[in-house]
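Q:
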Amino acid sequence: MEGTMKVAVMNGIGKMGFEERPIPVPKDDEVLVKLEYVGICGSDLHYYENGRIGDYIVEPPFVLGHEPGGVVVEVGKDVKHLKVGDKVALEPGKTCGHCEFCKTGRYNLCPDVVFFATPPVDGVFQEYVAHEADLCFKLPENVDTMEGALIEPLAVGFHAAKQGGAHMGQVAVVTGSGCIGLVSMMALKALGVSEVYVVDIMQKRLDKAMELGATGVINGKEKDAVEEVMKLTGGRGCDLVIETSGSEICTGQGIRMLVKDGTLVQVGYSPSGNMNIPMSMILDKEITIKSVFRYRHIYPLAIKAVADGKVNLKGIVTDVFDLDDIQNAMDSSVNNKADIVKAVVKIC
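Okay, so the sequence shown: first residue is 331 according to my numbering, each after it adds one.
#1: Alpha carbon to alpha carbon, how far is residue 411 from residue 488?
#2: Taking the CB atoms as reference points, tell me whether residue 518 and residue 453 lie closer together than 8 Å.
#3: Could you check the C-alpha separation between residue 677 and residue 350 for me, to the nearest Å?
#4: In the DSSP assignment, what residue or residues form a beta bridge with residue 652?
#5: Could you check the C-alpha separation between residue 592 and residue 586 for me, to the nearest Å?
#6: Give the single residue among 382, 399, 595 whose Cα lies nearest to the Cα of residue 460.
#7: Going by DSSP, what residues sit across from residue 588 in a beta bridge?
#8: How many Å lie between residue 464 and residue 506 at the Cα?
#9: Please tell me whether residue 513 and residue 633 are closer than 8 Å, where the distance is taken between their beta carbons.
#10: Where does residue 665 land, buried or exposed, given buried means 16+ other C-beta within 10 angstroms?
#11: State buried or exposed for residue 366, treating a residue as buried only when at least 16 other CB atoms are found within 10 Å of its CB.
#12: Applying the criterion that 16 or more other CB atoms from any shown protein chain within 10 Å of the CB defines a buried residue, is residue 352 buried or exposed?
#13: With DSSP collapsed to three states, give me the class of residue 466.
#14: Which residue wins for smallest C-alpha separation from residue 379, given the options 406, 612, 346, 576?
#15: For a quick check, are the C-beta atoms of residue 600 and residue 578 less than 8 Å apart?
#16: Compute the Euclidean distance between the alpha carbons of residue 568 and residue 387, then round it to the nearest angstrom.
#17: Taking residue 641 as the reference, which of 422, 659, 357, 522 has the closest Cα?
#18: Express the C-alpha separation of residue 402 and residue 337 in angstroms, rounding to a whole number.
#19: Have a look at the DSSP bridge pairing and note the partners of residue 456.
#20: What three-state label does DSSP hand residue 612 in the structure shown?
#21: Based on DSSP bridge pairs, tell me the residues matched to residue 563.
#22: If we require 3 or more residues per run, which beta strand (DSSP E) segments fall completely within the segment 370–423?
#23: Exposed or buried, what is residue 524 when buried is set at 16 or more other beta-carbons lying within 10 Å of its beta-carbon?
#24: Throw me the rounded Cβ distance for the residue 370 and residue 663 pair, which I believe falls under 8 Å.
#25: Starting from the Cα of residue 573, find the closest Cα among 619, 533, 536, 354 and give me that residue.
#26: How is residue 449 classed by DSSP in three states: helix, strand or coil?
#27: Go ahead and pull the three-state DSSP assignment for residue 527.
#28: Please classify residue 396 as buried or exposed, where buried requires at least 16 other C-beta atoms within 10 Å of its C-beta.
#29: In chain order, what residues of the same chain have a beta carbon less than 7 Å from the beta carbon of residue 606, not counting five sequence neighbours either side?
#30: If we count the other Cβ atoms within 10 Å of its Cβ and call it buried at 16 or more, is residue 467 buried or exposed?
#31: Confirm, please, whether the CB-CB distance from residue 479 to residue 622 is below 8 Å.
#32: Starting from residue 511, follow the beta strand (DSSP E) in both directions and report where the run begins and ends.
#33: Give me, in chain order, the residues of the same chain whose beta-carbon lies closer than 6 Å to that of residue 496; leave out the 5 immediate sequence neighbours on both sides.
#34: Look at the alpha carbon of residue 551 and the alpha carbon of residue 667, and state the distance between them as a whole number of angstroms.
#35: If we count the other Cβ atoms within 10 Å of its Cβ and call it buried at 16 or more, is residue 540 buried or exposed?
Pasting the structure below:
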């Protein structure tokens, strides 16, 4: 397909603009996707506010966005499983396929991954993208491209739940009810965990958690979360904690509310990069601590969960912005975090 496309670019901290770039040409093993929706992730906002995450530094002009859904409009000659007109969710990370992690199926840990919107790799706040066909997952008829865009954060939630060994009969607590907390809660429910409680200090987000199926919520500003979990479990404690806030306080509370031999899955990144945690309690309780870096082998599971009605992905969306309104979309997402749980950009 010849021509140009509109691309939203970050021109500096807090500054968005637009460029016209050539529509990419797909390679033999790629498809060209006309993007319809791209989610705004917390990492996008962090780059927008700070210009960097750790050693990953934005060099403007830079394209943000790594949560895409769209429609195939062109197919490379070696692609057999997709055709023009297919709706797809795009997994944003291309891995090397040769390292020990790729060869053993732990491809999310590949040291040479090329991931949308991770500097210096541009993201997809744009009209078209050419992407490896094996990383484009066809959506069922009853799943639309907005939900396709949100498969990416949902994959994080499912990976967290699977890292924690989630199963029927457990009592689980999710700390933090932003987007990742909510999808983690829904993933736990979809995997059969019957009791899932959510902790946060923002009541509107807790209300959203209840709307989406949480068993109960705890406002950490009003009540001691550990005491409340102990009351709810008859003094036993919970089996599994998925910590999504990145707060040292929440991680410590998660350890204290766990039953002996329980599991903590740390998803949220601490702003400082470090945490002080109660190591003696970890040892005394023989707690297992797992962590999450993105996801692996999750997209088919996540898509099926949405198609089967086990996960209400659209329910997490609070705001939809047009691509032309990208400056307002980013500014609103930064300045109104109490009300915007999940924002998506409508590309076309």
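Note that the Cβ used here is the ideal one computed from N, Cα and C, for glycine as well.
A: Reading it off the structure:
#1: 25 Å
#2: no
#3: 14 Å
#4: 676
#5: 10 Å
#6: 399
#7: 568
#8: 33 Å
#9: no
#10: exposed
#11: buried
#12: exposed
#13: strand
#14: 346
#15: yes
#16: 39 Å
#17: 522
#18: 18 Å
#19: 337
#20: helix
#21: In the DSSP output, where bridge partners are listed per residue, residue 563 has none listed.
#22: 397–405, 417–420
#23: exposed
#24: 5 Å
#25: 619
#26: coil
#27: strand
#28: buried
#29: 578
#30: buried
#31: no
#32: No beta strand (DSSP E) holds residue 511; the alpha helix (DSSP H) holding it covers 509–520.
#33: 518, 521, 523
#34: 17 Å
#35: exposed
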